[in-house]
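Here's the structure we're looking at; comments come further down.
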Amino acid sequence: MLNPLAPTAFQLTVLGASGGPLETYNCSLFVKSYHTPWVDGSLLMVDAGTILSSMSNILQSSYLRKNPPVAAVHTPSTIKINYNAEPLLKPFPLEKLPHKPPANVLPNLDPDHRLISQSNALYIFNHYISTVCVTHAHLDHILGLVVNSAAISRSKPLIVAGSPFTINALETHIFNNSIWPNLTSQGVDPCGLIDLVSLDHGPSVSAPHTCPHPQSSGCSSLQSSNKPNSSNSTNSTNSTNSTNSTNSTNSTNSTNSTNSLSKWVELAQNLLVFPMPISHGRHCDSTVFFVKDKITSKVLMIWGDVEPDFLSQNPRNHYAWKRAAKYYDQGRLTGIVIECSFKSNHDDSLLFGHFSPHHLIHELDHIFLKNSINQPHTNLRVIISHIKDDLTSIVTELEPKVVIMNELKALAEQRSLPFEFIRGDPGLTLFL
1 MLNPLAPTAF QLTVLGASGG PLETYNCSLF VKSYHTPWVD GSLLMVDAGT
51 ILSSMSNILQ SSYLRKNPPV AAVHTPSTIK INYNAEPLLK PFPLEKLPHK
101 PPANVLPNLD PDHRLISQSN ALYIFNHYIS TVCVTHAHLD HILGLVVNSA
151 AISRSKPLIV AGSPFTINAL ETHIFNNSIW PNLTSQGVDP CGLIDLVSLD
201 HGPSVSAPHT CPHPQSSGCS SLQSSNKPNS SNSTNSTNST NSTNSTNSTN
251 STNSTNSTNS LSKWVELAQN LLVFPMPISH GRHCDSTVFF VKDKITSKVL
301 MIWGDVEPDF LSQNPRNHYA WKRAAKYYDQ GRLTGIVIEC SFKSNHDDSL
351 LFGHFSPHHL IHELDHIFLK NSINQPHTNL RVIISHIKDD LTSIVTELEP
401 KVVIMNELKA LAEQRSLPFE FIRGDPGLTL FL
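Each residue of the sequence shown is one higher than the last, beginning at 1 in full-length UniProt numbering.
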């Protein structure tokens, strides 16, 4: 049973959680092991719809707001809704960043701290972020990564990890010198700023990767080959992926020039990642990432875009829910980040591979909890992302981000479900 007094394991900060159609604050968050200091390689990003612009805005709010609230450990409580999701204004260690706002700001010297915020965001990007895990390669999940890639300045390439399907899409359709310059270490005329790393979705179990973090000298197995035409690299990768092709409908097309990694792998300091495949419509494989803190063994579950098993031609959510239920029973599951894109009255035929509240509640109740054997539990935090804006609505109470949260609350209360729903607005920081 989850112990409210158990050690905090994670800091989770939302950079963006929009499902569009506005192009601002697209899906992106970072996770840090709570007991790991802010040092190079200590942050794990999941998705990268926005990076530098969101970080800059959050930092700017931190500098301009007087007496920002002190971060508090969020312990489970009764079902409730965070309507406004007031951003925690100090998700970053301001005292450790290289640029400090002057005590007396002159009108012509960055009066709103915009330039300082941008410079510090760039420092975080190039120093603290170890790896970007991409759930799938749709533009609203990679836009920040692609545009911000021009600002990469690191001693070693930025690691971008994902399923074979996702990595193949990035290499073939994005970093191909046509849509965007090939800034990766693979393919034609590579620049070497990014290493694309394929995470194995397959059934074979491998020993966990245990190096301190991806940029340490002992992590050569994490690095993709810098020789894009190497026959050895191609043969090795094809051999690894061939045994796992049945787990993802399109994974057989995975890139030939990237390494394939199996199961738990350390991708930031004291953070291990375990990927599982899920379905996002008929043509796209997505991913749910389990993130484990090495110090406490607590686990956080982070979903990419996903459709209900009930509507899927390739239902796979139940496998992930079953694993989550095991961690839940062990008192190790600290939270779930999952999408809920549309209101409940949205036509199922027009969901396009997404959840609405009644589908999400059904899976939480009839799949996740049905696999749990030690009920009742204290409430589990569920952070809601990817809510799609309705630009035709001019009434606040009818906005999807309000209606969807109300619907989740009502459906959960009807069934007496043990969840605390929190809307993942930009800047929201939780200690889980």
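C-beta: ideal position from N, C-alpha, C; glycine also.
Residues in the same chain with beta-carbon distance under 7 Å from residue i, minus the five sequence neighbours each way, listed in chain order, please.
i, result
"residue 34", "8, 9, 10, 11 and 431"
"residue 332", "297, 298 and 299"
"residue 268", "41, 42, 43, 44, 130, 131 and 213"
"residue 110", "116"
"residue 171", "184, 186, 187, 196 and 255"
"residue 118", "56"
"residue 348", "311"
"residue 177", "188 and 189"
Leaving out five residues before and five after residue i in sequence, what residues of the same chain have Cβ atoms less than 8 Å from its Cβ?
i, result
"residue 306", "278, 279, 280, 286, 288, 317, 338, 339, 353, 354 and 355"
"residue 124", "43, 55, 92 and 97"
"residue 424", "14, 17, 29, 85, 337, 383, 384 and 385"
"residue 173", "137 and 179"
"residue 415", "361 and 365"
Measuring alpha carbon to alpha carbon, tell me which of the options ends up nearest residue i.
i, options, result
"residue 148", "169, 155, 180 and 165", "180"
"residue 38", "346, 129 and 294", "129"
"residue 413", "394, 365 and 374", "365"
"residue 47", "360, 173 and 385", "385"
"residue 23", "141, 269 and 119", "141"
"residue 282", "308, 345 and 274", "308"
"residue 64", "103, 27 and 268", "103"
"residue 165", "276, 155, 94 and 370", "276"
"residue 132", "95, 25, 110 and 273", "273"
"residue 374", "330, 319 and 27", "330"
"residue 49", "36, 25 and 395", "25"
"residue 95", "177, 120 and 415", "120"
"residue 378", "346, 347 and 335", "335"
"residue 53", "349, 151 and 429", "151"
"residue 143", "27, 118 and 171", "27"
"residue 400", "290, 369 and 345", "345"
"residue 324", "417, 380 and 409", "380"
Are the beta-carbon atoms belonging to residue i and residue j less than 8 Å from one another?
i, j, result
"residue 388", "residue 19", "yes"
"residue 300", "residue 14", "no"
"residue 188", "residue 160", "no"
"residue 136", "residue 304", "yes"
"residue 270", "residue 295", "yes"
"residue 126", "residue 163", "no"
"residue 358", "residue 311", "no"
"residue 393", "residue 328", "no"
For my contact list, residue i and residue j are in at a C-beta cut-off of 8 Å; report their separation, rounded to the angstrom.
i, j, result
"residue 122", "residue 157", "Incorrect: roughly 17 Å between the Cβ atoms, too far for contact."
"residue 62", "residue 90", "6 Å"
"residue 405", "residue 419", "Contact doesn't hold; Cβ gap of about 12 Å is too wide."
"residue 343", "residue 407", "7 Å"
"residue 113", "residue 60", "6 Å"
"residue 21", "residue 391", "7 Å"
"residue 51", "residue 145", "7 Å"
"residue 200", "residue 292", "17 Å between Cβ atoms; not a contact."
Output needed for residue i: all residues of its chain with C-beta closer than 6 Å, excluding positions within five of it in sequence on either side, in chain order.
i, result
"residue 191", "183"
"residue 169", "137"
"residue 360", "340"
"residue 367", "318 and 321"
"residue 36", "42, 269 and 270"
"residue 451", "Summary: the structure shown does not reach residue 451, with the chain confined to residues 1 through 432, and so no result is reported for it."
"residue 284", "136"
"residue 350", "none"
Next item on the list: Enumerate, from N- to C-terminal direction, the unbroken alpha helix (DSSP H) stretches of 4 or more residues contained entirely within the segment 161-199.
Entry: For the segment 161-199, the continuous alpha helix (DSSP H) assignments of 4+ residues that do not extend past its boundaries occur at 164-169, in sequence order.
Item checked: Whole runs of the alpha helix (DSSP H) within the segment 351-410, excluding any shorter than 4 residues -> 357-363
Item checked: beta strand (DSSP E) segments (min. 3 residues) lying fully within the segment 26-69 -> 28-33 and 43-48
Next item on the list: Output the residue ranges of the beta strand (DSSP E) runs that lie fully inside the segment 266-307 and measure 3 residues or longer, sorted by chain position.
Entry: 271-279, 285-293 and 299-303
Notebook entry, point to check: Considering only residues of the segment 309-336, which uninterrupted alpha helix (DSSP H) runs meet the minimum length of 4 residues and lie entirely inside it, listed in chain order?
Noted result: List check, alpha helix (DSSP H) in window: 317-329.
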